[in-house]
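Going by this note's numbering, the letters in the sequence shown line up with residues 6 to 193, in that order. Below: the structure, in structure tokens.
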Amino acid sequence: MPFTETGIPGLLVYEPRVFNDSRGYFFESYSAQTFEQQGLHLPFVQDNQARSTYGVLRGLHYQLEPYAQTKLVRVLEGKIIDVAVDIRKGSPTYGKAFTIELSAENKLQLLVPKGFAHGYSVISETAEVMYKCDNFYHKASEGGIIYNDPALNIDWGIDLADAIVSEKDIVLPTLENCTHNFVFNPNN
């Protein structure tokens, strides 16, 4: 199967099958059929794409229920450290951060379910990131956690003193002080 468990319930790494030949490569970056065979029925409704330079750090973001989003994240160009933090109350891995290098070269993707804060840092000269969402952007339900929360101890793969962070992300609260309404459901 193209899915690898991460040790955090519901958070999966997707590795598509890549067909290489003398012309280059081909792969299905997403197939509803493949995901449904894994029991994942995700009605993706929005694709987002961002281009950033080395040292840009975006996150950690989420949207509150009922506007929460499941995301399927991949890199079209360059390399990032992708981060997901479990913030589902009652989860056995509440507050645990997972990091993975996603790149255009390795073609790995991270499936970030609802109930996670998500972010990434750019560790190549530039990176182009694309992610599918199963719910639309809803500004009024935005939430987040400060990227340098000492309780999370995330290794972003860059010197945080030189990180390029938006004004909005610099003032986000810690996990302990953030507001969210996610509850762990072991049946999902």
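Where a beta carbon is used, it is the ideal one built from N, C-alpha and C, also for glycine.
The alpha helix (DSSP H) spanning residue i covers which residue range?
i          : result
lysine 173 : 172-175
alanine 37 : 37-42
Assign residue i to one of three DSSP states: helix, strand, or coil.
i               : result
alanine 145     : helix
phenylalanine 8 : strand
aspartate 160   : coil
threonine 165   : Reading off the sequence shown, one finds leucine at residue 165, where the question assumed threonine. Note: leucine 165 maps to helix in three-state DSSP.
leucine 113     : coil
asparagine 53   : strand
leucine 45      : coil
glutamate 181   : helix
serine 34       : coil
serine 96       : coil
isoleucine 105  : strand
glycine 15      : coil
Using 7 Å as the threshold, is the C-beta distance between residue i and residue j below it?
i                : j                : result
glycine 120      : valine 88        : no
isoleucine 86    : isoleucine 128   : yes
leucine 177      : alanine 122      : no
phenylalanine 32 : valine 23        : yes
serine 108       : valine 80        : yes
threonine 58     : threonine 9      : no
glycine 83       : serine 126       : no
lysine 137       : phenylalanine 40 : no
lysine 135       : glutamine 54     : Here residue 135 is methionine; the residue named in the question, lysine, does not match the sequence. For methionine 135 and glutamine 54, yes; Cβs fall inside 7 Å.
leucine 47       : alanine 168      : no
leucine 180      : glycine 100      : yes
By the 10 Å Cβ neighbour count, where 16 or more other Cβ atoms means buried, how is residue i classified, buried or exposed?
i                 : result
isoleucine 175    : exposed
glycine 12        : exposed
histidine 143     : exposed
glycine 148       : buried
aspartate 154     : buried
lysine 173        : exposed
phenylalanine 141 : exposed
valine 170        : buried
serine 96         : buried
In the DSSP assignment, find the beta strand (DSSP E) that holds residue i and state where it starts and stops.
i            : result
glutamate 82 : 76-82
arginine 22  : Looking at the DSSP string, arginine 22 is not in any beta strand (DSSP E), and its letter there is neither H nor E.
lysine 137   : 131-138
Where DSSP assigns a beta bridge to residue i, which residues make up the other side?
i                 : result
glycine 124       : Val88
arginine 63       : Tyr125
phenylalanine 189 : DSSP lists no partner for phenylalanine 189.
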